[in-house]
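For the sequence shown, counting from 1, position 68 maps to 281 in the numbering used here; every step adds exactly one. Backbone N, C-alpha and C define an ideal beta-carbon position, used for all residues, glycine too.
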Amino acid sequence: MPLLTIITVTYNAEKYLERTLLSVAKSARLVPGAADNMEYMLIDGASSDGTLMIAERYGTLLTNIVSKHDDGLYDAMNKGLGMATGKYIWFLNAGDEVHNGQVISRLLHAFESDADVYYSDALLVRDDGSEVGLRSEVTPHTLPKKIKWRDFSMGMRVCHQAFIARRSTAPLYESTNLSADIAWEIECLKKAKKTRLLSFVMCRYLVGGLSVQRHRRSLLDRYRVLRKHFGLIPTLWYHGLIILRGGVFALRKGGKYW
Numbered sequence: 214m215p216l217l218t219i220i221t222v223t224y225n226a227e228k229y230l231e232r233t234l235l236s237v238a239k240s241a242r243l244v245p246g247a248a249d250n251m252e253y254m255l256i257d258g259a260s261s262d263g264t265l266m267i268a269e270r271y272g273t274l275l276t277n278i279v280s281k282h283d284d285g286l287y288d289a290m291n292k293g294l295g296m297a298t299g300k301y302i303w304f305l306n307a308g309d310e311v312h313n314g315q316v317i318s319r320l321l322h323a324f325e326s327d328a329d330v331y332y333s334d335a336l337l338v339r340d341d342g343s344e345v346g347l348r349s350e351v352t353p354h355t356l357p358k359k360i361k362w363r364d365f366s367m368g369m370r371v372c373h374q375a376f377i378a379r380r381s382t383a384p385l386y387e388s389t390n391l392s393a394d395i396a397w398e399i400e401c402l403k404k405a406k407k408t409r410l411l412s413f414v415m416c417r418y419l420v421g422g423l424s425v426q427r428h429r430r431s432l433l434d435r436y437r438v439l440r441k442h443f444g445l446i447p448t449l450w451y452h453g454l455i456i457l458r459g460g461v462f463a464l465r466k467g468g469k470y471w
């Protein structure tokens, strides 16, 4: 059983996929015996552009390439979870990147501590690759040293691409919920007996994903997730605090997040 399974979900992602694959390849290249310690799976939703041609160029890196029609991002991620054999799961979708060449080596070393969840900061980047900044600095979401599921009372505390969970305790995603990543992290943390904040940045996260593109629906789904885990009255209270916190943070940043 490999220590790490990396899963990349794609659909017509020819514009972004290679930057993701190349970043994994560069980092894996520095790990002796990487093929024994990790697997890398691409789950594609039957792309009609050049996505699969790009993937095939990285055939020695990708353990599995699966291309079938699916019911959206989280359905595809569930397929990846079902196929994964690694001890730990890491999702890096098209456009996201391993932060640098040392990350995979440092991750495999960190896994010796046998935590259930590993997490870190994420460097936010724009479509053209320019850097926005660390998520903990350019958004109100600071990183706790000892994260607990209740830390998500005011939203997504840890970037999904900077969150690695033990596969044996990782649940499936609610495939129709645009905030299913928040729910998934909460469920992972509820089951976790040990978590670890990593001292290094794990990923470069491409801003502007599905939750941003469909913002209103995402906010409603986030409300449903938080209500399920925290109850009606606390969730209403927390959402008031979210609005207040966001306004204060934006004012400090000159009227914007980044």
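Going by other Cβ atoms of all chains shown within 10 Å of its Cβ, with 16 needed for buried, is residue i buried or exposed?
{"i": "Q315", "result": "exposed"}
{"i": "M266", "result": "exposed"}
{"i": "G453", "result": "exposed"}
{"i": "G460", "result": "exposed"}
{"i": "T355", "result": "exposed"}
{"i": "S343", "result": "exposed"}
{"i": "L464", "result": "exposed"}
{"i": "L234", "result": "buried"}
{"i": "I446", "result": "exposed"}
{"i": "F413", "result": "exposed"}
{"i": "D283", "result": "buried"}
{"i": "I456", "result": "exposed"}
{"i": "K407", "result": "exposed"}
{"i": "S260", "result": "buried"}
{"i": "D329", "result": "buried"}
{"i": "G258", "result": "buried"}
{"i": "L286", "result": "buried"}
{"i": "A398", "result": "The displayed chain sequence assigns Glu, not Ala, to residue 398. Its Cβ being crowded by 16 or more others within 10 Å, E398 is buried."}
Express the C-alpha separation of residue j and residue i in angstroms, rounding to a whole number.
{"i": "V345", "j": "H312", "result": "14 angstroms"}
{"i": "S381", "j": "E227", "result": "32 angstroms"}
{"i": "T360", "j": "Y331", "result": "Residue identity check: residue 360 is Ile in the sequence provided, not Thr. Cα to Cα, the separation comes out at about 10 angstroms."}
{"i": "L433", "j": "A393", "result": "12 angstroms"}
{"i": "A323", "j": "D249", "result": "17 angstroms"}
{"i": "A335", "j": "E400", "result": "21 angstroms"}
{"i": "A241", "j": "L337", "result": "22 angstroms"}
{"i": "G263", "j": "S388", "result": "26 angstroms"}
{"i": "W471", "j": "D341", "result": "With a pLDDT of only 49 at W471, under 50, the local geometry of the prediction cannot be trusted, and the value read off the model is given with reservation. Approximately 15 angstroms, taken between the alpha carbons."}
{"i": "V367", "j": "K239", "result": "Note on identity: in this sequence residue 367 is Met, with Val being the wrong assignment. Those two C-alpha atoms are separated by around 36 angstroms."}
{"i": "R379", "j": "Y224", "result": "26 angstroms"}
{"i": "F462", "j": "G293", "result": "37 angstroms"}
{"i": "Y253", "j": "K466", "result": "39 angstroms"}
{"i": "N291", "j": "L385", "result": "6 angstroms"}
{"i": "Y271", "j": "Y451", "result": "45 angstroms"}
{"i": "H428", "j": "R435", "result": "10 angstroms"}
Ends of the beta strand (DSSP E) at residue i?
{"i": "W450", "result": "Here W450 belongs to no beta strand (DSSP E); instead the alpha helix (DSSP H) covers L445 to R465."}
{"i": "N250", "result": "Careful: N250 lies outside any beta strand (DSSP E), inside the alpha helix (DSSP H) at A247 to N250."}
{"i": "Y271", "result": "That residue, Y271, is in no beta strand (DSSP E); it is neither H nor E in DSSP."}
{"i": "L217", "result": "L217 to T223"}
{"i": "R417", "result": "C416 to L419"}
{"i": "Y332", "result": "V330 to Y332"}
Cβ atoms of residue j and residue i: under 8 angstroms apart, would you say?
{"i": "M214", "j": "G299", "result": "yes"}
{"i": "V438", "j": "A396", "result": "yes"}
{"i": "L274", "j": "C416", "result": "no"}
{"i": "L419", "j": "Y229", "result": "yes"}
{"i": "I278", "j": "L255", "result": "yes"}
{"i": "T218", "j": "I317", "result": "no"}
{"i": "R348", "j": "C372", "result": "yes"}
{"i": "R430", "j": "E310", "result": "no"}
Over what stretch of residues does the alpha helix (DSSP H) that includes residue i continue unbroken?
{"i": "W303", "result": "First-last for W303: Y301 to F304, but that is the beta strand (DSSP E), not the alpha helix (DSSP H)."}
{"i": "V244", "result": "Where V244 is concerned, there is no enclosing alpha helix (DSSP H), given that its DSSP letter is neither H nor E."}
Curious, which full-length beta strand (DSSP E) runs of at least 3 residues does the stretch 334 to 412 contain?
-> 335 to 338, 344 to 347, 376 to 379 and 408 to 410
Beta strand (DSSP E) runs wholly inside the stretch 281 to 323, at least 3 long, in chain order = 301 to 304
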